[in-house]
Amino acid sequence: MYLKPTLFFFFIFYIGGQQASGQLASSPLFEVDGRFIKPYTNQWKTTRVDSNGKKTLVYKLWTDYGQVIELDGVKYFHRVQDLYNASGQIVDSWTNLVEHRTLLPKMTQRISPTGRFMHVVFSPDKIQGRIPKAPQGIESTTVNIALRQPLYDWTLYGMLLVGLPLKPQAQYTLPCINLFTGKEIQLEATVKNKETVVGAKGKKLKAWRVETNQNMVFWLSKKAPYVIRLEYTVGSAVLVWEML
């Protein structure tokens with residue numbers, strides 16, 4: 001948890017030096033709107049469920065907090081996530097900075113005690129910084145990726161999808177960058193219906209089921225803390241994020 005102030009001041013200093021104006025980029029999907037997002041805190045545990053029903057705790061605690069800040073006259077949604085393994089040790093820290101209105105990315109950073117490091121800055125026509133040489137590798141490499149159009153950052157995950165109009169059976173395609181590969185992807189999302197799920201402290205609530213072509217199913221709410229549940233299929237197993 002002591003990483004947070006350091007990360008915050010680092011990216012404020014870095015972005016302040018990078019940003020030349022308060023101009024907002026045009027969103028490639030005008031229906032995405034994050035202006036309703038307010039400051040929040042959230043926390044989950046993550047469990048691996050194998051095909052035989054065996055459950056294994058992967059992350060004892062996964063914290064998520066968001067705030068709205070203003071830099072050079074532009075409002076941004078700033079998100080920090082810290083991941084703690086089953087032994088309670090921090091294993092990853094993620095920071096996302098996106099425009100509050102469009103949810104288009106400005107900066108993404110990942111730091112882990114094992115040496116994993118990612119730091120990229122976005123503009124409408126390019127992405128610059130360092131990304132992993134391999135999807136989950138330790139080594140990173142410098143990139144300067146030219147873009148045909150502004151892209152969303154898929155590492156925002158559910159907090160990107162929650163910016164969509166959540167209507168039954170609505171289907172969306174969002175152009176995104178996969179920062180693990182440096183490649184553009186077409187994120188397909190289908191909004192199903194509201195379902196009853198378990199939220200914080202075992203409280204039952206209604207949330208929108210949103211299915212994607214990335215093997216992830218989200219349960220989302222337009223009210224804080226927004227991302228209620230996630231199921232991620234990996235091979236024959238499913239990783240399940242449940243609120244604490």
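The opening position of the sequence shown corresponds to residue 1 in the numbering used here, with each subsequent residue numbered one higher. Glycine included, every Cβ here is placed at the ideal spot set by N, Cα and C.
Using DSSP's beta-bridge definition, name the partner residues of PHE122.
As a first step, residue 122 must be located in the sequence shown, where it is residue number 122. Bridge partners of PHE122: ILE127.
With a threshold of 16 other CB atoms inside 10 Å of the CB of SER21, please say whether the residue is buried or exposed.
Within the sequence shown, numbered from 1, the residue matching residue 21 stands at position 21. Low local confidence applies: a pLDDT of 34 at SER21 is under 50, so the model's placement there is unreliable, and no value is given.
Could you pull out every residue in the same chain whose Cβ sits closer than 8 Å to the Cβ of VAL143, ignoring the five residues on either side in sequence?
Within the sequence shown, numbered from 1, the residue matching residue 143 stands at position 143. The answer, listed in chain order, is VAL120, ILE127, GLN128, GLY129, ARG130, ILE131 and GLY182.
In angstroms with no decimal places, state the Cα-to-Cα distance between PRO124 and ALA146.
In the sequence shown, counting from the first residue as 1, residue 124 sits at position 124. In the sequence shown, counting from the first residue as 1, residue 146 sits at position 146. So the alpha carbons of these two residues sit roughly 9 Å apart.
So what does PRO105 bridge to, in DSSP terms?
Taking the first residue of the sequence shown as position 1, residue 105 is located at position 105. DSSP, once it has assigned bridges, lists VAL98 as partnering PRO105.
Chain-order list of residues whose beta-carbon lies under 6 Å from that of TRP94 (same chain, five-residue window excluded)
On the sequence shown, position 94 is the one that residue 94 refers to. The residues are GLN81 and ARG110.
With a cut-off of 8 Å on the beta carbons, I'd call LEU151 and GLU184 a contact; round off their distance for me.
Within the sequence shown, the letter at position 151 stands for residue 151. Within the sequence shown, the letter at position 184 stands for residue 184. Contact holds; Cβ gap of about 6 Å.
To test your reading of the DSSP string, which unbroken beta strand (DSSP E) runs of 3 or more residues are found completely within the region 45 to 71?
55 to 71
Straight-line gap, ASP72 to GLY53 (C-alpha atoms, nearest Å):
Start at 1 with the first residue of the sequence shown, and residue 72 comes out as number 72. Start at 1 with the first residue of the sequence shown, and residue 53 comes out as number 53. C-alpha separation (whole angstroms): 51 Å.
Any idea what DSSP makes of LEU239, helix, strand or coil?
For the purposes of this step, residue 239 is taken as the residue at position 239 of the sequence shown. If DSSP states are grouped into helix, strand and coil, LEU239 belongs with the strands.
Using the Cα positions of MET107 and ASN96, report the straight-line distance between them to the nearest angstrom.
Here residue 107 is taken as the residue at index 107 of the sequence shown, counted from 1. Here residue 96 is taken as the residue at index 96 of the sequence shown, counted from 1. Cα-Cα distance, rounded: 6 Å.
Residue of LEU164, ASN215, GLU231 and ASN213 minimising C-alpha distance to VAL197
Counted from its first residue, the sequence shown places residue 197 at position 197. Closest by alpha carbon: GLU231.
On a CA-only basis, which of PRO39, LYS55, ILE37 and LEU103 is nearest PRO175? Give me that one, please.
In the sequence shown, counting from the first residue as 1, residue 175 sits at position 175. PRO175 has its Cα closest to that of LEU103, out of PRO39, LYS55, ILE37 and LEU103.
Does the beta-carbon distance from GLY163 to GLY66 come in below 9 Å?
Sequence index remark: in the sequence shown, residue 163 carries index 163 (1-based). Sequence index remark: in the sequence shown, residue 66 carries index 66 (1-based). Result no, Cβ atoms of GLY163 and GLY66 do not sit closer than 9 Å.
Determine the closest residue to GLY235 out of MET216, ARG229 and ASN193, with distance taken between C-alpha atoms.
By one-based count along the sequence shown, residue 235 stands at place 235. Closest by alpha carbon: MET216.
Using the beta-carbon count (16 or more within 10 Å), is MET243 buried or exposed?
Start at 1 with the first residue of the sequence shown, and residue 243 comes out as number 243. Buried.
Helix, strand or coil for LEU161 per DSSP?
As a first step, residue 161 must be located in the sequence shown, where it is residue number 161. Looking at LEU161 - three-state DSSP - the assignment turns out to be helix.
Under three-state DSSP, which class holds THR181?
Working through the sequence shown from its first residue, we reach residue 181 at position 181. Coil.
Could you tell me which of VAL49, ASP64 and LYS192 sits nearest to THR41, measuring between CA atoms?
Along the sequence shown, read from residue 1 onward, the residue named residue 41 stands at position 41. Ranking VAL49, ASP64 and LYS192 by Cα distance to THR41 puts ASP64 first.
Less than 8 Å between C-beta atoms, sequence neighbours within five positions excluded: which residues of the same chain meet that for THR47?
For the purposes of this step, residue 47 is identified with residue 47 of the sequence shown, where counting begins at 1. Same-chain partners within the cutoff: LYS55, THR56, LEU57, VAL58, LEU239, VAL240 and GLU242.
State the beta-bridge partners of ASN193 as determined by DSSP.
Mapped onto the sequence shown, residue 193 falls at position 193. None; ASN193 has no bridge partner.
Based on Cα-Cα distance, which residue from GLU188, TRP208 and ARG229 lies nearest to GLY199?
Your numbering for residue 199 matches position 199 in the sequence shown. Comparing Cα-Cα distances from GLY199 to each of GLU188, TRP208 and ARG229, the minimum goes to ARG229.
TRP154 versus PRO105: straight-line alpha-carbon distance, rounded
Here residue 154 is taken as the residue at index 154 of the sequence shown, counted from 1. Here residue 105 is taken as the residue at index 105 of the sequence shown, counted from 1. Approximately 10 Å, taken between the alpha carbons.
Measuring CA to CA, which of THR190, GLY202, LEU187 and GLY158 is closest to LYS223?
Taking the sequence shown and counting its residues from 1, the one referred to as residue 223 is at position 223. Among THR190, GLY202, LEU187 and GLY158, the Cα nearest to that of LYS223 is on GLY158.
Residue of ALA170, ALA189 and LEU156 minimising C-alpha distance to ASN178:
The sequence position of residue 178 within the sequence shown is 178, counting from 1. Closest option to ASN178, Cα to Cα, is LEU156.
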